[in-house]
Amino acid sequence: MIVVHVLQNGLAICLFSDDIPVNWPAGHGWINPHDVEKMGIESITCPECRRLVERLLEGKWKIRVETI
Ligand SMILES: [Zn+2]
Numbered sequence: 771m772i773v774v775h776v777l778q779n780g781l782a783i784c785l786f787s788d789d790i791p792v793n794w795p796a797g798h799g800w801i802n803p804h805d806v807e808k809m810g811i812e813s814i815t816c817p818e819c820r821r822l823v824e825r826l827l828e829g830k831w832k833i834r835v836e837t838i
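Per the working numbering: the sequence shown = residues 771 to 838.
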């Protein structure tokens, strides 16, 4: 089971690593914010990333996605 994080500006939004995905340890994956809108929040398996996205969805997440 891979831990799927949400990627923004090249980093996971939970900041579990301060490095880019290619240097992450095995077992971690990522999804783009606009893919979360298509695939659903269930596709995020990192609890911290999911919590952050749930909070962002209540606010300006859509605006941020459109400006990427
Ligand atoms: Zn995460």
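Ideal placement from N, C-alpha and C gives every residue a C-beta, glycine not left out.
None of the values given here were measured: they were computed from a predicted structure.
In this structure Leu777 touches Asn802 by the C-beta definition: roughly 6 Å separates them, less than 8 Å. If you check the CB distance, Val774 and His798 come in under 9 Å.
Given a length threshold of 3 residues, each whole run of the beta strand (DSSP E) inside the segment 788-835 is given here in chain order: 798-801. Residue range 773-778 is occupied by the beta strand (DSSP E) that includes Leu777. Here Leu785 carries a coil assignment [DSSP, helix/strand/coil].
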